[in-house]
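Engineer:
2 protein chains.
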Amino acid sequence: MNNRLRVLRAERKMSQAVLAELLDVSRQTVNAIELGKHDPSLLLAFKVSQVFGLPVEQIFDPGLHGEAKQAAE
Amino acid sequence: MNNRLRVLRAERKMSQAVLAELLDVSRQTVNAIELGKHDPSLLLAFKVSQVFGLPVEQIFDPGLHGEAKQAAE
DNA sequence: ACATTATGTCAATAATACTTGTCAAAACGC
DNA sequence: GCGTTTTGACAAGTATTATTGACATAATGT
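These protein sequences, in sequence, are chains R and L.
Under full-length UniProt numbering, think of the first position of the first sequence as 1, with each following residue one higher.
Under full-length UniProt numbering, think of the first position of the second sequence as 1, with each following residue one higher.
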């Protein structure tokens, strides 16, 4: 599961620790998700969506189509 | 986490078992999710999204503000 | 150089998603 | 009524994710 957490965080100059607080999870959890070590729960994905003000689909990409990447920006 | 699985399924006259096959999970899993016994993984949520041709946000509803978890029951 | 912040990583544990197997009741068709 | 399908439910087990605590390294600032 690819995700744009790092980019979104960088755009807002937000540390993993700060994001973790906003999401009410540990910093390690944010780190693990950002590095693709595991996927967030659906609820956490929604929280991320809220924090960045973007739909889930524009943050997480299951890569089910392989080629189809996001051209929207 | 509320969801519209039952409605979407009914609209398509699709049984839990058939949906389960499309999602590549067990029927019990579909049932449990539909009844709100637990939430799907993010990946499974994306699969559901694909099957019904709708964005995740239009199928699952976390309460959007984290305030009211399940007020309508 | 030193202190502070940010990040990556490991280990152990808790929580939950998902499984198979099974059973019973409700809904449907014949 | 009878058989089939569908659904709800339960239990026990597996797999995955979330949790904290600790430690190492890199980057930043003074």
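For glycine and all other residues, C-beta sits at the position ideal for the given N, C-alpha and C.
Under 8 Å: do the region 28-37 of chain R and the region 15-33 of chain L share three or more Cβ pairs, one atom per stretch?
Structural biologist: no
Engineer: Of the residues R/Ser-41, R/Phe-52, R/Asp-39, R/Asp-61, which one's Cα is nearest the Cα of R/Val-18?
Structural biologist: R/Phe-52
Engineer: Measure from the alpha carbon of R/Leu-43 to the alpha carbon of each residue in L/Gly-63, L/Arg-12, L/Lys-13, L/Arg-4, then state which is nearest.
Structural biologist: The option with the nearest alpha carbon to R/Leu-43 is L/Gly-63.
Engineer: Please list the segments of the beta strand (DSSP E) lying wholly inside the UniProt domain "HTH cro/C1-type" (5-59) of chain R, counting only runs of 3 or more residues, in order along the chain.
Structural biologist: none
Engineer: Whole-angstrom Cβ separation of L/Asp-39 and R/Ser-41, contact assumed at under 8 Å?
Structural biologist: Indeed, because the Cβ distance is near 7 Å, the residues count as touching under 8 Å.
Engineer: Can you give me the C-alpha to C-alpha distance between L/Ser-26 and R/Lys-13, rounded to a whole angstrom?
Structural biologist: 42 Å
Engineer: Determine the DSSP secondary structure at L/Gln-70, reduced to helix, strand or coil.
Structural biologist: At L/Gln-70, the pLDDT of 32 sits below 50, so the modelled position is not reliable and the matter cannot be decided from this model.
Engineer: For R/Glu-57, return the contacting residues in chain L, with the cut-off set at a CB-CB distance below 7 Å.
Structural biologist: Near R/Glu-57 (Cβ distances below 7 Å), the residues of chain L are Pro-55, Val-56.
Engineer: Would a check of beta-carbon distances place R/Phe-46 closer than 8 Å to chain L?
Structural biologist: yes
Engineer: Residues of chain L with CB closer than 8 Å to the CB of R/Ser-41, please, in chain order.
Structural biologist: Asp-39, Ser-41, Leu-42
Engineer: Quick check: is the beta carbon of L/Phe-52 nearer than 8 Å to any beta carbon in chain R?
Structural biologist: no
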